Each structure stands twice: as structure tokens, then as C-alpha cells.
Amino acid sequence: MPAYAVIGGQWGDEGKGKIIDYLARDASAVARYSGGNNAGHTVINDAGTFKLHLVPSGICWPHVTNIIGNGVVVDPDVLLGEINELNLTPEKLVVSDRAHLILPYHVELDRLEEARRGNDAIGTTGRGVGPAYLDKVNRTGLRAGELLDPEDLATRLPAIVEFKNEVLTKIYGADPVDIEDIFRASLRWATELGPYIKPAEYFIAEALESGENLILEGAQGALLDLDHGSYPYVTSSNPTVGGALSGVGIGPRAFAGVAGVFKAYTTRVGAGPFPTELLDEVGEKIRTIGKEVGTTTGRARRVGWFDGVAGRYSAKINGFDALIITKLDILDGFDTVKVCVAYEIDGERTENFPIDSALLARSKPIYEEFPGWSGSTAGITRREDIPANAMAYIHFIEDILGVKASVISSGPRREETVVLKDIIPR
Ligand code: IMP
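Here the sequence shown stands for residues 5 to 430, where the numbers follow the numbering used here.
This is the structure we're talking about:
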């Protein structure tokens, strides 16, 4: 089973859900490898519209097994909500027993820590994702598999919750959480989620040997990566390609492809530097036409032109071998469109993405401008329907990223897709 990673190349919200739903036709399993229910993947097909936060985007295909990998942090009630809404069964969904749990105190701490950051707030989604990863690294997290051993849980939980209550009450002056409530909830989660919780590594390893295709589903995007992103305005996991290996437990030789998903422009949710941000009526127009509102939080997304400096960096650190461009149709009818080709930082031109957020905040975009295209690309499915100017724009992005485009998405529905080259060979 060759593995194909599908990774966000920007600051998240690139349209990975739609693309993975499309590609999953040719896969037998889709595995999410990072993040939690901070993600919001929208899938629209003949079966309806699905806004997924934890369940992988292959869920609409009857032949696809969906796996929540060990690298994901799982809020059990959110997952149960999605399982019930989608009528899922353990044949359709596997949850790694190594995946860490987001518990109620993580959600509370996320909120309190953001409030404490004041003007330096990251703009987290408030879903407890960061505090859950913090506990994972601190060796004080609880894993899904531990729900299956209530006796052991009863011995571990008190010390963990006692410490959390010290933090909640003494540092934040907040109310403590009730350990009995958490223990009772854990027993319920064990009953309801137990059948889904399995050693996913073995499941994936067996599938790898069978020669079928596995899609590794990224969440967020490379520029929100804890190591490579615009730190500290990042998420707390690795959406980049290394996270795809460690987040499901496979080796690099399993990889057959690493596709980067990019919007035809750029968006960002939450705080942090954004060199190509448009704070004018052009930005407002793109936001309105592109319906740029967060799937998870409902926040208006910040909008800007395509950032080729950030994109090239993203392509390099992930080793993208295929480019997927989404929301091309949103740029239909603009007189001109722009791509940032370099930054000017303190009077110096650079084509490198700076490590320091303060430098990124001082980066002024240097643009190349292109004539727009008339006519609509919305819903097109054939290469020959891409207007010449739109194709020139795509080619310019290919050149600057050093990666050939394989798929162009022309709308939110599964079939609104132009395939230039198959990502998964048919
Ligand atoms: P957290 O992941 O909730 O801790 O949020 C950290 C940062 O990542 C914030 O700026 C969020 O807006 C951003 N973020 C987290 N998940 C997503 C996503 O799925 N799409 C876009 N931005 C996200």
C-alpha cells in the first residue's frame, strides 16, 4: 500500500477536505496524522455536506477505512458527536490507541492561557489542542488506549487532575474540575469509543503490505507547523511531512507521493504575521466571494495574495512532488492578480522565509502582477476550459514553487475538479 500525503502548504484552510474526498476514490484507507478538532474539513458530494473536525475526509466512500492516527489529539465527546451524526461503525473508523485525549481541563486551560497572553494571544481555536499536546510532551497525557483499562486509569488520573486543579485555582483563579466527573466520563467513553480504539500501526502495516493506497490526511498547514511555521503563532503539532510519518507510524519508504494543497491566494486565521495580507477592498472582495469564514470557529479569515516566498519554503520543507491549487474560481473576473516573489526586510531583498516572526512582520511583499481572466472557471472539469491567463498564473506558481500542478479545484463539490496529472496512478 503506497502512502500519499496530502499536506496544507499555507496557513491551513486550503481545501484539503474536498481534495481528500476526491482522491479517496482510489484509496482503501485515509489516515489523519496531526492536530485535533481545531481543524474543519468540509466535504461536499452527492451524499450531502459534511463538516468534519476529527473524522478523516475519506468517510463518504464505502470502500475506505478511516484512521485517526496516534499523532492526533482526540476530544472524545467531539468524536462521539461525529460518529453519531455520520452513523459510523468500527469497520469504517479506527482510532489509534496511542492518540492522546483532550480532556475538559485542556479546553478550560486553552481559554485561560489565551486570555493571559493578552495582546500576544495566538488566536487559538480554543479546543484544548495546545494544552493536550503539552501534556503529551510532559508525559502527563492520557491516551485513548488507557480508557480500556479503567483500573489503571483510576490509579493515574488523581495525580494528574490534582495538579491541573492546582494550576486552575492557584494560577488562574478558576474553578477546579471534578475528578469524579472525569472518571465517570472516561467509563462512558470506554464503552462508546472502545470498539473503535485499536493499535492502528498494525492495521496500517498490514494494509501497506496488501498493495492498496493509503492517503495521509494533513490538518492545518505547513506555516502553522510547530517547528517550521511562523512561531510562536503556530499550532502545537507538525502538519508537515515528518508529522505524517510519526503521526501514523510508517517509514519513509512507504511514501509514493507528497502533495501540497495551496489556495490560489492566501488566508490566515488567528494572530501572527501575514506579509501579503490585503486590508483593503480587494481583500474584502476575495473574503466575500471565497466565503472565507472559519469552519471551526466561524471567525472571518484574513485574506491576501498568493505568497510565493512562503510557498517555496513550504514546498522545500515538505518535498512536495505535486501541487494542488484550490479556489481558482474565486479569482475569476479580477482585472489583475498578484503573486509575492520576494520580501523586502529592512531594505534588503530576500527570497527566503524568515525564522523570526518579528522579521516576518516587517517583510514587505514584492509582487509580480498578472492580467486577470474573463469568463468563469467555477465548476470546470476540463483542462481546456482553464482560460489562458489563469493557466499562465498557474504556471507562474509552479515555477516559483518548483512543483508541477496536478489538480486544480474549481469549486467545493467533489466533481468540480480538473485533473492535469493523476496524483494516485489509476
Ligand atoms: P490551535 O491549533 O487551536 O492551538 O491554534 C493555533 C493557531 O493555529 C491559531 O492561529 C489558529 O487560528 C490556527 N489554526 C489551528 N487550526 C487551524 C485550521 O484548521 N485552519 C486554520 N488555522 C488553524
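For each residue, glycine too, the CB sits at the ideal point set by N, CA and C.
Remember, predicted model here, so these are calculated numbers, not experimental data.
If you measure from the CB of residue i, is any heavy atom of the ligand IMP nearer than 8 Å?
{"i": "G39", "result": "yes"}
{"i": "G16", "result": "yes"}
{"i": "N42", "result": "yes"}
{"i": "V78", "result": "no"}
{"i": "I126", "result": "yes"}
{"i": "L228", "result": "yes"}
{"i": "G225", "result": "yes"}
{"i": "R272", "result": "yes"}
{"i": "T381", "result": "no"}
{"i": "A365", "result": "no"}
{"i": "V133", "result": "yes"}
{"i": "G247", "result": "no"}
{"i": "Y176", "result": "no"}
{"i": "V432", "result": "The requested residue 432 does not occur in the structure, where the chain is confined to residues 5 to 430."}
{"i": "T300", "result": "yes"}
{"i": "G130", "result": "yes"}
{"i": "D139", "result": "no"}
{"i": "A304", "result": "no"}
{"i": "A263", "result": "no"}
{"i": "G276", "result": "yes"}
{"i": "D311", "result": "no"}
{"i": "D403", "result": "no"}
{"i": "D114", "result": "yes"}
What's the call for residue i, buried or exposed, on a 16-neighbour Cβ count within 10 Å?
{"i": "K342", "result": "buried"}
{"i": "R120", "result": "exposed"}
{"i": "L97", "result": "buried"}
{"i": "N242", "result": "buried"}
{"i": "K140", "result": "buried"}
{"i": "I48", "result": "buried"}
{"i": "A382", "result": "exposed"}
{"i": "Y206", "result": "exposed"}
{"i": "A409", "result": "buried"}
{"i": "P375", "result": "exposed"}
{"i": "P429", "result": "exposed"}
{"i": "N142", "result": "exposed"}
{"i": "R418", "result": "buried"}
{"i": "K174", "result": "exposed"}
{"i": "I18", "result": "In the sequence under discussion, the amino acid at residue 18 is Glu, which differs from the Ile named in the question. Classification of E18: buried, given that the 10 Å Cβ count is 16 or more."}
{"i": "N74", "result": "buried"}
{"i": "G357", "result": "With the sequence shown as reference, residue 357 is identified as Phe, and Gly is not the correct amino acid for it. By the neighbour-count rule (16 or more Cβ atoms within 10 Å), F357 is buried."}
{"i": "A314", "result": "buried"}
{"i": "P416", "result": "buried"}
{"i": "S378", "result": "exposed"}
{"i": "S214", "result": "exposed"}
Alpha carbon to alpha carbon, what distance is there between residue j and residue i?
{"i": "N289", "j": "E296", "result": "In the sequence as displayed, the identity of residue 289 is Lys instead of Asn. Each residue's alpha carbon lies about 10 Å from the other."}
{"i": "A28", "j": "D339", "result": "36 Å"}
{"i": "L161", "j": "I427", "result": "45 Å"}
{"i": "L172", "j": "D179", "result": "7 Å"}
{"i": "P66", "j": "K55", "result": "18 Å"}
{"i": "L152", "j": "E118", "result": "33 Å"}
{"i": "E210", "j": "R36", "result": "17 Å"}
{"i": "T46", "j": "P369", "result": "31 Å"}
{"i": "G351", "j": "G127", "result": "30 Å"}
{"i": "I71", "j": "F310", "result": "32 Å"}
{"i": "I440", "j": "L228", "result": "Since the first and last residues shown for the chain are 5 and 430, residue 440 lies out of range."}
{"i": "Y269", "j": "T330", "result": "9 Å"}
{"i": "V245", "j": "I404", "result": "20 Å"}
{"i": "R272", "j": "G44", "result": "14 Å"}
{"i": "E372", "j": "D30", "result": "38 Å"}
{"i": "G251", "j": "A223", "result": "11 Å"}
{"i": "D101", "j": "N41", "result": "17 Å"}
{"i": "Y237", "j": "D231", "result": "11 Å"}
{"i": "D81", "j": "R303", "result": "23 Å"}
{"i": "A346", "j": "A7", "result": "33 Å"}
{"i": "V99", "j": "T299", "result": "23 Å"}
Any beta-carbon of chain D closer than 9 Å to the one on residue i?
{"i": "F278", "result": "In the structure shown, chain D cannot be found, because there is only a single protein chain."}
Three Cβ pairs or more, each shorter than 8 Å: is that satisfied between the stretch 315–334 and the stretch 253–265?
yes
Entirely within the stretch 228–276 and at least 3 residues each: give me those beta strand (DSSP E) ranges in chain order.
259–267 and 270–272
If contact is defined by three or more beta carbon pairs under 8 Å, each pair taking one atom from either stretch, is the stretch 418–425 in contact with the stretch 374–393?
yes
Just to confirm the assignment: which complete alpha helix (DSSP H) runs, minimum length 4, are found wholly within the stretch 42–126?
80–90 and 108–121
Does the stretch 186–201 come close enough to the stretch 274–292 that 3 or more CB-CB pairs lie under 8 Å?
no
With three or more beta-carbon pairs closer than 8 Å as the criterion, would you say the stretch 60–70 touches the stretch 18–34?
yes
Would you list, in sequence order, the uninterrupted alpha helix (DSSP H) runs of no fewer than 4 residues that lie entirely inside the stretch 377–420?
392–405
Do the stretch 131–147 and the stretch 97–110 make contact, defined as three or more Cβ pairs closer than 8 Å?
yes
Length-filtered (3 minimum) beta strand (DSSP E) runs lying within the stretch 284–327:
306–308
Minimum length 3: unbroken beta strand (DSSP E) runs contained in the stretch 198–228:
218–221
Ignoring anything shorter than 4 residues or poking outside the stretch 120–189, list the alpha helix (DSSP H) runs there in chain order.
133–141 and 154–170
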